[in-house]
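Okay, so here's the structure we're looking at.
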Amino acid sequence: MRRMWILGIESSCDETGLALYHDQRGLVAHAVHSQIDLHQAYGGVVPELASRDHVRRIVPLYRQVLADAGIVAADIDAVAYTAGPGLAGALLVGAAFAESVALALGRPAIPIHHLEGHLLSPLLSADPPAYPFVALLVSGGHTQLMRVSAVGEYEMLGETLDDAAGEAFDKTAKLLGLPYPGGPALAALAQQGTPGRVKLPRPMLNSGDLDFSFSGLKTAVLNAVNKGLDEAGRADLAAEFQEAVVDVLVGKSLAALRQTRLKQLVVAGGVGANRRLRERLDLELAQRKGRVFYPELALCTDNGAMIAFAGAQRLAAGLAHPADAHEIAVRPRWPLDTL
Amino acid sequence: MKLLALETSAETASVALLTGDRLLHREGGTPGTHARFVLGWVETLLEEGGCALAEIDGIAFSAGPGSFTGLRLAVSVAQGLAVAADLPLIAVPTLHALAFGRGDGLHLCCMDARMSEVYSQACEVRGDAVIARSEVRVGAPGDLSPPPGEPAQWQACGSGFALPATQSLHWLPTLAGIDASAAPHARDVARLGARLLDAGQTVDAALAAPLYIRDKVAQTTAERLAAGGRA
Ligand SMILES: Nc1ncnc2c1ncn2[C@@H]1O[C@H](COP(=O)(O)OP(=O)(O)O)[C@@H](O)[C@H]1O
Ligand SMILES: [Mg+2]
Chain R
649 MRRMWILGIE
659 SSCDETGLAL
669 YHDQRGLVAH
679 AVHSQIDLHQ
689 AYGGVVPELA
699 SRDHVRRIVP
709 LYRQVLADAG
719 IVAADIDAVA
729 YTAGPGLAGA
739 LLVGAAFAES
749 VALALGRPAI
759 PIHHLEGHLL
769 SPLLSADPPA
779 YPFVALLVSG
789 GHTQLMRVSA
799 VGEYEMLGET
809 LDDAAGEAFD
819 KTAKLLGLPY
829 PGGPALAALA
839 QQGTPGRVKL
849 PRPMLNSGDL
859 DFSFSGLKTA
869 VLNAVNKGLD
879 EAGRADLAAE
889 FQEAVVDVLV
899 GKSLAALRQT
909 RLKQLVVAGG
919 VGANRRLRER
929 LDLELAQRKG
939 RVFYPELALC
949 TDNGAMIAFA
959 GAQRLAAGLA
969 HPADAHEIAV
979 RPRWPLDTL
Chain E
49 MKLLALETSA
59 ETASVALLTG
69 DRLLHREGGT
79 PGTHARFVLG
89 WVETLLEEGG
99 CALAEIDGIA
109 FSAGPGSFTG
119 LRLAVSVAQG
129 LAVAADLPLI
139 AVPTLHALAF
149 GRGDGLHLCC
159 MDARMSEVYS
169 QACEVRGDAV
179 IARSEVRVGA
189 PGDLSPPPGE
199 PAQWQACGSG
209 FALPATQSLH
219 WLPTLAGIDA
229 SAAPHARDVA
239 RLGARLLDAG
249 QTVDAALAAP
259 LYIRDKVAQT
269 TAERLAAGGR
279 A
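Order-wise, the sequence lines are chains R and E.
Residues in the first sequence are numbered from 649 upward in steps of one, following this note's numbering.
Residues in the second sequence are numbered from 49 upward in steps of one, following this note's numbering.
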């Protein structure tokens, strides 16, 4: 029986993540360092600072996962790393490190698309979905619906025409004076409010296609904020905003399942941590005899585990494409449907 | 001694392999393309030198100052090779490597730092050693200080001297000569690295870091607000 250790490396934005996946034992070790504290004072991710921090974190995290798994470098069979999309300088740190480890060990390096990592991450859970399924990818940079038939076979069903859902959460949170990153803070404030007291639009809910738009929602929030809000008003606005985003995400996900005639929905990306979204999807899918799958909470944000796993899946499917001549190449912009 | 050296801080990238007295090297590329070549060169040089990575005694990298992305490329490659092959790293200051490449004497090193600034340092090369005669600085080319002591004993070198603002410095003609085409190279990183390795001046991969010099790269929200900007 073939035994394989795959090292996964993620450094596309503000998290450094390393992990070891074993093709029979599953995810054995993973460690993430989040830079949230580093960027907080700047009100958002500063690319140069992010790149600098990846250099500081990558070796200790690498040593930690090897120690946790109880293996040595020579045991590694392949190195998977995020080659894009993301911040060019941040990606380069992980790519250069990964390609170098691979060269030194004489093992293949596998460049992975960050979103492929996210959308396959629910397969890492104890009770995974089976192919094919519909994936709703909702993060700070992306909002898209995809039909996933197998590893490497993704069909784009719809995507946002402007802001991503997470971005809308973050920008709205900023308008409400909440700290960065705004998504979780806004969700917490929403718990104290009641949706419907303020009215916000559900953009493109009935557009007939599977695309999204969230920038208008942000403008509507701005107008409401400008009219002046007391404490209760802020909570109500947060609740209504969350409800509006959730309504649209749920409505379009159900439409995607209808269109593809599939019953399984996979939710990936940071916004997938939103409790209200989970409640609503669970309820709607249960009523339709379908099922929603989420990655484990620890794997919702950026991490190396999903990259190691995507690498393992590609390797097993004969779809790993090592770079020519150990070229270190990153793709800051890389459409998923070109995979 | 066997040592691998990486230099990707400036316009041209280079990699060198020192095995005893033999020095093999590769160089080329344009800014922004270094990442495509360096590892390929590492592999070719090891083949050419008939030596496996495991036989190497250490990896020297040009630590900076220089292009931020370029410095990180060299450090990240060095870290990756080091952890996988269990090797020590040697951080060689880039301006020392630049001076060393000029040979014995006094060298005022100055590299273009973009954003209308230069990195500079006065260095003395004596045999196989480089002695810093001033701190590494980043600043406007017009503020570059003349070297210490007698100007006529100093040579100016580096891309910083190709900038109009340095060329018009009134004291520049008092120096012994100017070579604005001089650039740091991996063969000098290798030679200096060998000396540092002999002296036990190695750094663990986890602590290997670029010498950025320019450390203020963004304004905090509070600083933007204080300057009358928006959050
Ligand atoms: N509970 C939550 N509710 C809504 N949004 C959330 C929640 N938790 C995280 N987010 C959002 O998820 C995004 C981060 O997710 P991530 O997958 O790391 O995105 P990216 O990698 O694109 O930056 C942020 O926009 C954040 O505000
Ligand atoms: Mg992400």
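Where is the CB? At the ideal position from N, CA and C, for every residue including glycine.
Could you tell me whether the Cβ atoms of residue i and residue j are closer together than 7 Å?
i	j	result
Gly920(R)	Val741(R)	no
Gly996(R)	Gly841(R)	The shown model of chain R, from 649 to 987, leaves out residue 996(R), and the question about it has no answer.
Pro980(R)	Gly732(R)	yes
Ala679(R)	Leu668(R)	no
Gly208(E)	Cys158(E)	yes
Ile719(R)	Gly959(R)	no
Leu26(E)	Arg235(E)	Nothing can be reported for residue 26(E): it is not among the residues displayed for chain E, which extend from 49 to 279.
Leu848(R)	Ala868(R)	yes
Ala58(E)	Gly114(E)	yes
Gly830(R)	Asp811(R)	no
Arg600(R)	Val893(R)	Because chain R in this structure spans residues 649 to 987, residue 600(R) falls outside the shown range and cannot be described.
Ala224(E)	Gln203(E)	yes
His974(R)	Gly88(E)	yes
Gln792(R)	Glu807(R)	yes
Leu885(R)	Ala872(R)	yes
Leu675(R)	Ala965(R)	no
Ala833(R)	Gln890(R)	no
Ala728(R)	Ile955(R)	yes
Pro776(R)	Gln912(R)	no
Gln169(E)	Leu143(E)	yes
Leu259(E)	Ala111(E)	yes
Leu967(R)	Gly734(R)	no
Using a Cβ cut-off of 8 Å, pull out every chain R residue sitting near residue i, in sequence order please.
i	result
Arg84(E)	Glu975, Ile976 and Ala977
Gly88(E)	Ala973, His974 and Glu975
Glu27(E)	Any question about residue 27(E) goes unanswered here, given that chain E covers just 49 to 279.
Relative to the C-alpha of residue i, which candidate in the options has its C-alpha closest?
i	options	result
Pro196(E)	Pro79(E), Gly208(E), Ala210(E) and Thr222(E)	Thr222(E)
Ala242(E)	Glu59(E), Ala61(E), Arg278(E) and Thr67(E)	Thr67(E)
Lys822(R)	Asp191(E), Ala279(E) and His218(E)	Ala279(E)
Ala798(R)	Ala816(R), Glu807(R) and Leu771(R)	Leu771(R)
Gln712(R)	Ala677(R), Phe745(R), Ala738(R) and Gln688(R)	Ala677(R)
Leu101(E)	Ala111(E), Val123(E), Gly112(E) and Ala132(E)	Ala132(E)
Val940(R)	Leu834(R), Ala783(R), Pro829(R) and His762(R)	Ala783(R)
Leu686(R)	Ala892(R), Tyr828(R) and Asp930(R)	Tyr828(R)
Ala139(E)	Asp252(E), Gly98(E), Thr268(E) and Thr117(E)	Asp252(E)
Ala977(R)	Ala83(E), Thr60(E), Ile226(E) and Leu244(E)	Ala83(E)
Val707(R)	Ala934(R), Ala721(R), Lys911(R) and Ala774(R)	Ala721(R)
Tyr710(R)	Ser164(E), Ala108(E), Gly128(E) and Leu146(E)	Gly128(E)
Gly175(E)	Leu211(E), Phe148(E) and Arg74(E)	Phe148(E)
Ser216(E)	Ala230(E), His233(E), Cys205(E) and Asp191(E)	Asp191(E)
Pro843(R)	Gln672(R), Arg882(R) and Gln912(R)	Arg882(R)
Arg704(R)	Gln267(E), Asp69(E) and Ala257(E)	Ala257(E)
Asp227(E)	Ile179(E), Leu156(E) and Ala126(E)	Leu156(E)
Going along chain E in order, which residues have a C-beta closer than 9 Å to the C-beta of residue i?
i	result
Arg882(R)	By Cβ distance, chain E contributes nothing, its closest Cβ being about 17 Å from Arg882(R), past 9 Å.
Glu801(R)	Going along chain E, no residue has its Cβ under 9 Å from Glu801(R), so there is no contact; the nearest lies around 29 Å.
Residues of chain R with CB closer than 9 Å to the CB of residue i, please, in chain order.
i	result
Phe116(E)	Glu696, Ser699, Arg700 and Gly737
Arg120(E)	Ser699, Arg700, His702, Val703, Gly737, Leu740, Val741 and Ala744
Glu91(E)	Leu751, Ala973 and His974
Please list, in chain order, the chain R residues whose beta carbon lies closer than 7 Å to that of residue i.
i	result
Leu101(E)	Ala752
Phe123(E)	Inspection of the sequence shows that residue 123(E) is occupied by Val rather than by Phe. Under the 7 Å cutoff, chain R gives Val703.
Thr269(E)	Ala689, Tyr690 and Gly691
Ala279(E)	Gly691
When every heavy atom of ligand 3 is checked, does at least one fall within less than 6 Å of the C-beta of residue i?
i	result
Ser787(R)	In the structure shown, ligand 3 is absent; the only ligands present are ligand 1 and ligand 2.
By the criterion of Cβ-Cβ separation under 7 Å, what are the contact partners of residue i in chain E?
i	result
Val749(R)	Gly128, Val131 and Ala132
Does any residue of chain A have a CB that is nearer than 7 Å to the CB of residue i?
i	result
Ala126(E)	Reference to chain A is not applicable here, since the protein chains of this structure are R and E.
Next on the checklist: Closer than 7 Å between beta carbons: that is the criterion. Which residues of the stretch 125-153 of chain E meet it against chain R?
Outcome noted: Val125, Gln127, Gly128, Leu129, Val131, Ala132 and Ala133
Item to check | Minimum length 4: unbroken alpha helix (DSSP H) runs contained in the stretch 236-275 of chain E | outcome: 269-274
Item to check | Under 9 Å (Cβ pairs) to chain R, residues found in the stretch 247-267 of chain E | outcome: Asp252, Ala253, Ala254, Leu255, Ala256, Ala257, Pro258, Tyr260, Val265, Ala266 and Gln267
Checklist entry - Which ranges does the alpha helix (DSSP H) cover as unbroken runs of at least 4 residues, wholly within the stretch 747-826 of chain R, from first to last along the chain? => result 762-768 and 813-823
Checklist entry - According to a CB-to-CB cut-off of less than 8 Å, which residues of the stretch 698-722 of chain R neighbour chain E? => result Ser699, Arg700, Val703, Arg704, Ile706, Val707, Pro708, Tyr710, Arg711 and Ala721
Checklist entry - Going along the stretch 679-694 of chain R in order, which residues come within less than 8 Å of chain E, judged by CB to CB distance? => result Ala689, Tyr690, Gly691 and Val694
Item to check | Inside the stretch 871-959 of chain R only - alpha helix (DSSP H) runs reaching at least 4 residues | outcome: 879-908 and 923-935
Checklist entry - Mind listing which residues of the stretch 203-236 of chain E have their C-beta closer than 9 Å to chain R's C-betas, in chain order? => result none
Next on the checklist: Extract the residue ranges of the beta strand (DSSP E) inside the stretch 75-117 of chain E, only unbroken runs of 3 or more that lie entirely within it.
Outcome noted: 106-112
Next on the checklist: What ranges does the beta strand (DSSP E) occupy inside the stretch 165-193 of chain E, keeping only unbroken runs of at least 3 residues that lie completely in it?
Outcome noted: 166-174, 177-180 and 185-187
Checklist entry - What are the complete alpha helix (DSSP H) segments, minimum 4 residues, inside the stretch 658-689 of chain R? => result 684-688
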